[in-house]
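Residues 1 to 159, numbered by UniProt numbering, are exactly what the sequence shown covers, in order. Backbone N, C-alpha and C fix where the C-beta goes; we use that ideal spot for every residue, glycine too. Scroll down for the structure; my scribbles are underneath it.
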Amino acid sequence: MTRVCRAMARFRPGSIAILRTLHDTDLLLIEQLFQRTISELARVLPLTAAPYCVWRRTGEVCWASREFCIITGWAATTLMEGRTVTELLDDRGVVEYWEAYSRCVVDSAVSYFRIGTGMFRPDGKTVQGSLWVTVRKDVFDIPFAIVGCFLPNLWQIQA
Numbered sequence: 001m002t003r004v005c006r007a008m009a010r011f012r013p014g015s016i017a018i019l020r021t022l023h024d025t026d027l028l029l030i031e032q033l034f035q036r037t038i039s040e041l042a043r044v045l046p047l048t049a050a051p052y053c054v055w056r057r058t059g060e061v062c063w064a065s066r067e068f069c070i071i072t073g074w075a076a077t078t079l080m081e082g083r084t085v086t087e088l089l090d091d092r093g094v095v096e097y098w099e100a101y102s103r104c105v106v107d108s109a110v111s112y113f114r115i116g117t118g119m120f121r122p123d124g125k126t127v128q129g130s131l132w133v134t135v136r137k138d139v140f141d142i143p144f145a146i147v148g149c150f151l152p153n154l155w156q157i158q159a
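The following block contains the structure:
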């Protein structure tokens, strides 16, 4: 827990300072950008037949591909009813996610990372694999959409 708090402390003050300077029109622009991004990703990502999931900077899941739902066992509607990505990750994955995410927020040159993690299924079991994450930033250099591709360990699927 302390590692997660330390990771959040790296980017939280700067993010709050930037968000305080934004006007309602800026926030509306960011939301429109997010909705357009989701719309484009929902059209393009299914063509890859890869297990993708998209969430907000808050962690709220906003879209999941059919392949992601098949691998993790979650229904897309269930995921989009307020679930956060950190609810789906095992403990080690949550810590690694926040540490890597904080590096992306603080360093403008870094926009992606990979973590080894277990993804919880609805039945409580986990699927081990790697989560490849791309952090998309808005015009204010604040993350607004996070795209994750969960690639399960093949040995686990075959077993």
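Considering just the uninterrupted stretch of the alpha helix (DSSP H) at residue i, what are its terminal residues?
i, result
"Thr134", "Thr134 -> not in any alpha helix (DSSP H); beta strand (DSSP E) instead, spanning Thr126 to Lys137."
"Ala75", "From DSSP, Ala75 is part of no alpha helix (DSSP H); its letter is neither H nor E."
"Leu88", "Val85 to Leu88"
Quick one: grab the DSSP three-state call for residue i.
i, result
"Thr48", "helix"
"Gly93", "helix"
"Glu60", "strand"
"Met119", "strand"
"Val110", "coil"
"Met80", "coil"
"Val4", "helix"
"Leu27", "helix"
"Asp22", "It should be noted that the sequence gives Leu, not Asp, for residue 22. In the structure shown, Leu22 sits in coil (DSSP, three-state: anything other than H, G, I, E or B)."
On the premise that residue j lies in contact with residue i, defined as a C-beta separation below 8 Å, what is that separation, rounded to the nearest angstrom?
i, j, result
"Asp123", "Gly73", "7 Å"
"Ile142", "Ile18", "6 Å"
"Arg3", "Glu99", "7 Å"
"Ser130", "Met8", "Not a contact, Cβ separation roughly 23 Å."
"Met119", "Val127", "5 Å"
Quick check on the burial criterion: 16 or more other C-beta atoms within 10 angstroms. Buried or exposed for residue i?
i, result
"Gly82", "exposed"
"Val133", "buried"
"Leu57", "The sequence shown places Arg at residue 57, rather than the Leu named in the question. By the neighbour-count rule (16 or more Cβ atoms within 10 Å), Arg57 is buried."
"Cys149", "buried"
"Pro51", "buried"
"Tyr112", "exposed"
"Cys5", "exposed"
"Gly116", "exposed"
"Leu45", "buried"
"Ala145", "buried"
"Ala64", "buried"
What is the residue span of the beta strand (DSSP E) that residue i lies within?
i, result
"Ala145", "Pro143 to Pro152"
Who pairs with residue i in a beta bridge, going by DSSP?
i, result
"Val54", "Trp63 and Val147"
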